[in-house]
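Working notes, beginning with the structure itself.
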Amino acid sequence: MLEIHIPYASAAERVGDVVRSVLASEQWGRYSRELPTLSFDEAREPFKQFFDIYEAHAGEEWLGVMENMVIEQMREQGPSFLADPATIDAILIRIERHPNVRLDR
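By numbering that gives the first Met the number 0, the letter at position 63 of the sequence shown is numbered 62, and the numbering carries on one by one without gaps.
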């Protein structure tokens, strides 16, 4: 995978959109409490539709990284996962730590 450069503001907007969609979903009400006890794959399954809709976007190779980081943050926070600036920032920090993704400020 080549190094991908993404404008920070675009990444923050996309992450925020996904987080708000997840939190507004029926799946969130059903699975949020058990997320911390689930494996990554188990946690991803009920929410994969929120990430799969972006698969067709050309030039968006970083979205798989975003998906992983959002799911990991959901698992870490469980029911306290919110669409607030602290959560969005935590996800963006996770994304920035990926060796192939650079968020340009």
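Even glycine gets a Cβ: it sits at the ideal position worked out from N, Cα and C.
Contacts around A82, its chain only, beta-carbon distance under 8 Å, and the 5 residues preceding and following it disregarded: G15, V18, R19 and L22
For P35, the three-state DSSP class (helix, strand or coil): helix
For P6, which beta-bridge partners are listed by DSSP? D103
Quick one, which of P84, F49 and V100 has its alpha-carbon nearest I70's? F49
Does the distance from the C-beta atom of P84 to that of R32 stay below 9 Å? no
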